[in-house]
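S.K.:
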Amino acid sequence: MRVFGHRGFSGEYPENTMLAFQKAVEAGCDGIELDVQLTRDLVPVIMHDEKVDRTTDGSGYVYDLTFDEIRRLDCSYPDKFGGKFGQLEVTSLREYLEWMAEEENLITNIELKNSVYYYGGMERMVMDMICEYGLEDRIILSSFNNASIVLCRQNDDTIAGGFLVERCVENAGVYARTCDVQYYHPNMDYLKEEHVRSCSQNGVGVNVWTVNEKEDMRRMKKWGVSSIITNYPDRGREVADEE
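Numbers 204 to 446, taken from my numbering, label the letters of the sequence shown in order.
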């Protein structure tokens, strides 16, 4: 069972920052899960929410801000962290991929945040950047907008895809396989063992989110999921390594 740091080591560090990514690697994760949106001037940046209000000291929609404007925001601002890590910039996808290229064997799940607001051309833009760094075999592209992942697979079948779902699909394995998608990404709260079995029978991996308690991690491991996505990759590593 692989362990992905959800937005990095987001349980202990400001989410989707380079600090959170670095700390997740130090904790022994196999991969990083992160989120990408586009700025007003079409720069892919790593941000979960459509608005910057929750995770920075700024306000407004990502798509209304230029890259220069968004880089001036501070990601250490939220009350949970109280600025104790010093000022942390919003990370660009390019900055992350440059770092990832030096982290041997690290896998990254890039969630395309295009299900609430559709960023036209995001798929091609992100895929071109992945190919520029030669990381095709270490990336999974996922989205709640499943049609976006089908488009990605049609454009470049060397990059794996994953269908994100809030509530589980009963015939998940068949659904993903017939769409030529390699992974199924369900919400743990709705996942059943038979869903995992369906995926396994159809050659589809299951990367489940968000798994933070050791008891749940052990259950996922017993069920045979491919990966857990967790805010606490240190806990995940411990459970994954248990005999």
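We put the beta carbon where it would ideally sit given N, CA and C, even for glycine.
If I'm right that V409 touches V428 with Cβ under 8 angstroms, what's the distance once you round it to whole angstroms?
M.R.: Yes, V409 and V428 are in contact; Cβ-Cβ is about 4 angstroms, under 8 angstroms.
S.K.: How about V293 and V248: do their beta carbons lie closer than 8 angstroms?
M.R.: Contact flag set, yes.
S.K.: With distances taken from CA atoms, which of G286, V319, I343 and F366 is nearest L222?
M.R.: Cα-wise, what sits closest to L222 is G286.
S.K.: Can you give the Cα-Cα distance for Y216 and Y321, rounded to whole angstroms?
M.R.: Y216 and Y321: Cα-Cα distance of roughly 29 angstroms.
S.K.: Helix, strand or coil for T294? Go by DSSP, reduced to three states.
M.R.: The answer is coil: DSSP assigns T294 none of H, G, I, E or B.
S.K.: List the endpoints of the continuous alpha helix (DSSP H) containing G439.
M.R.: G439 -> alpha helix (DSSP H) spans P436 to A443.
S.K.: Kindly indicate which three-state DSSP category G365 falls into: helix, strand or coil?
M.R.: Reduced to three states, the DSSP call for G365 is strand.
S.K.: Can you say whether K283 is buried or exposed, counting buried as having 16 or more other CB atoms within 10 angstroms of its CB?
M.R.: That one is exposed.
S.K.: State the Cα-Cα distance for the pair E446 and R274, rounded to the nearest angstrom.
M.R.: Between E446 and R274, the C-alpha separation is close to 44 angstroms.
S.K.: Quick check: what's the CA-CA separation for E307 versus G323?
M.R.: Rounded to the nearest angstrom, the two C-alpha atoms are 32 angstroms apart.
S.K.: Cβ of L344 within 8 angstroms of Cβ of C334?
M.R.: The answer is no: Cβ separation not under 8 angstroms.
S.K.: Out of R421, G263, I432 and A227, state which residue places its alpha-carbon closest to the alpha-carbon of A443.
M.R.: Looking at the Cα atoms, R421 is the closest of the given residues.
S.K.: Would you mind sorting Q385 into buried or exposed? The rule is 16 or more other CB atoms within 10 Å of its CB.
M.R.: Classification of Q385: buried, given that the 10 Å Cβ count is 16 or more.
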